[in-house]
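Asker: Okay, handing you the structure first.
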Amino acid sequence: GGKITKNKAVSYTYENASGEEKTQGGNGGGINMNRGTFIFKGGEISENEATKCGGGIFQNGKVDEGEAGAAITELRGGVIKNNTVKECGGGINISSQNAKFFMYSGEISGNKCTTDDETYSNRGGGIFCKEGTFTMSGGKISSNTATSNSKGGGIYIQKGNLSLSGKITISDNEANSASQIFVSNSASSATFEYNSETIEFLYGSYGNAELDMNITDGKLADESDTDALSRAFKLTSEDSEESSGTDRKS
Numbered sequence: 200g201g202k203i204t205k206n207k208a209v210s211y212t213y214e215n216a217s218g219e220e221k222t223q224g225g226n227g228g229g230i231n232m233n234r235g236t237f238i239f240k241g242g243e244i245s246e247n248e249a250t251k252c253g254g255g256i257f258q259n260g261k262v263d264e265g266e267a268g269a270a271i272t273e274l275r276g277g278v279i280k281n282n283t284v285k286e287c288g289g290g291i292n293i294s295s296q297n298a299k300f301f302m303y304s305g306e307i308s309g310n311k312c313t314t315d316d317e318t319y320s321n322r323g324g325g326i327f328c329k330e331g332t333f334t335m336s337g338g339k340i341s342s343n344t345a346t347s348n349s350k351g352g353g354i355y356i357q358k359g360n361l362s363l364s365g366k367i368t369i370s371d372n373e374a375n376s377a378s379q380i381f382v383s384n385s386a387s388s389a390t391f392e393y394n395s396e397t398i399e400f401l402y403g404s405y406g407n408a409e410l411d412m413n414i415t416d417g418k419l420a421d422e423s424d425t426d427a428l429s430r431a432f433k434l435t436s437e438d439s440e441e442s443s444g445t446d447r448k449s
């Protein structure tokens, strides 16, 4: 039980020894992790704000060369909801190779990336994975929003790893494109265990993977919509060869 709520992480500007202006801070409205393990079994992380990234949780996990360490979160219940950021990762921001987020149950919902700067692109209303790993085998990611020139209302994977399996729900998230899941062409890996098979998201040399279709209890909303599915996954059936995504490089 318990709550982490109505906290705010703000950026600040300072002048370094060379007279240059630098900006730091503004990440992790509810929790900012550099290393260690956080196991969340109940309660809520809600209504927190960050002027940059990670409204609910910001996972850094960045360590100096030669040091050991990682930032690991296990979500095993509870809710991460209604957190807000100006840039990316309304609910969760996974920021480095040593950061790992495992979602076994619980809910990430109602989080928002929003900015008044129309030149900026908001990414990952629910989850933004810059690097590191996001693994989801249970729970629900829903009703998250990314607003300005946005991609990945539910999940945005940049250079990281994505693994989806089990009776998960990723639904009713909103963005200008890829409302449920966006996987960039620089991602390390991205898979979805579906109908006892592991299918890959369509990224890398193919371009970016974009999924607008809801996933409910581990099932895609419309398996017959091969046009929509071909924008997200590497399809192998003969009737999808012409829309395999080889012309979508960007």
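Residues in the sequence shown are numbered from 200 upward in steps of one, following our numbering.
Positions of the beta carbon are idealized from the N, C-alpha and C atoms, including for glycine.
Going by C-alpha distance, which of Gly253, Ile307, Asn297 is nearest Glu286?
Answerer: Looking at the Cα atoms, Gly253 is the closest of the given residues.
Asker: Just confirm the distance between the C-beta atoms of Ser245 and Asn282, as a whole number of angstroms; I'd bet it's less than 8 Å.
Answerer: Indeed they touch by this definition, with Cβ atoms about 7 Å apart.
Asker: Shortest alpha-carbon distance to Leu401 belongs to which of Thr415, Asn413, Asn321, Ile380?
Answerer: Considering only alpha carbons, the answer is Ile380.
Asker: In three-state terms, what does DSSP make of Ser341?
Answerer: Three-state result, Ser341: strand.
Asker: What do you reckon, are the CB atoms on Gly201 and Gly229 nearer than 8 Å?
Answerer: No.
Asker: Around the C-beta of Ile238, are 16 or more other C-beta atoms found within 10 angstroms, so that it is buried, or is it exposed?
Answerer: The residue is exposed, with fewer than 16 neighbouring Cβ atoms inside 10 Å.
Asker: Could you please give the first and the last residue of the uninterrupted alpha helix (DSSP H) stretch that includes Leu428?
Answerer: Start and end: 425-429.
Asker: Please list, in chain order, all residues of the same chain as Asn231 whose beta carbon is under 6 Å from its beta carbon, the five residues on each side excluded.
Answerer: Correct list, in chain order: Phe257.
Asker: Taking the beta carbon of Ser449 as the centre, do at least 16 other beta carbons fall within 10 Å, making it buried, or is it exposed?
Answerer: Below a pLDDT of 50, predicted positions are generally treated as unreliable, and Ser449, at 39, falls in that range; the measurement from the model is reported next regardless. By the 10 Å Cβ count, Ser449 comes out exposed.
Asker: Per DSSP, what kind of secondary structure is Ser294 in: helix, strand or coil?
Answerer: Here Ser294 sits in coil by DSSP.
Asker: So, using beta-carbon positions, are Ser429 and Thr390 closer together than 8 Å?
Answerer: No, they are not a contact pair.
Asker: Count the other CB atoms within 10 Å of the CB of Lys339; is the residue buried (16 or more) or exposed (fewer)?
Answerer: Buried: at least 16 other Cβ atoms inside 10 Å.
Asker: On the three-state DSSP scale, how would you describe Ser442?
Answerer: Interpretation of Ser442 is limited by its pLDDT of 38, a score under 50 that renders its predicted location unreliable; the figure taken from the coordinates is listed afterwards. Here Ser442 sits in helix by DSSP.
Asker: What are the residues that DSSP puts in a beta bridge with Lys207?
Answerer: BP columns for Lys207 point to Glu248.
Asker: What is the DSSP secondary structure of Tyr319, counted as helix, strand or coil?
Answerer: Tyr319: coil per DSSP, three-state reduction.
Asker: Sorted by chain position, which residues of the same chain lie with C-beta nearer than 8 Å to Asp446's C-beta, five sequence neighbours on each side aside?
Answerer: The predicted position of Asp446 is uncertain, since its pLDDT is 38 and thus under 50; no value can be drawn from it.
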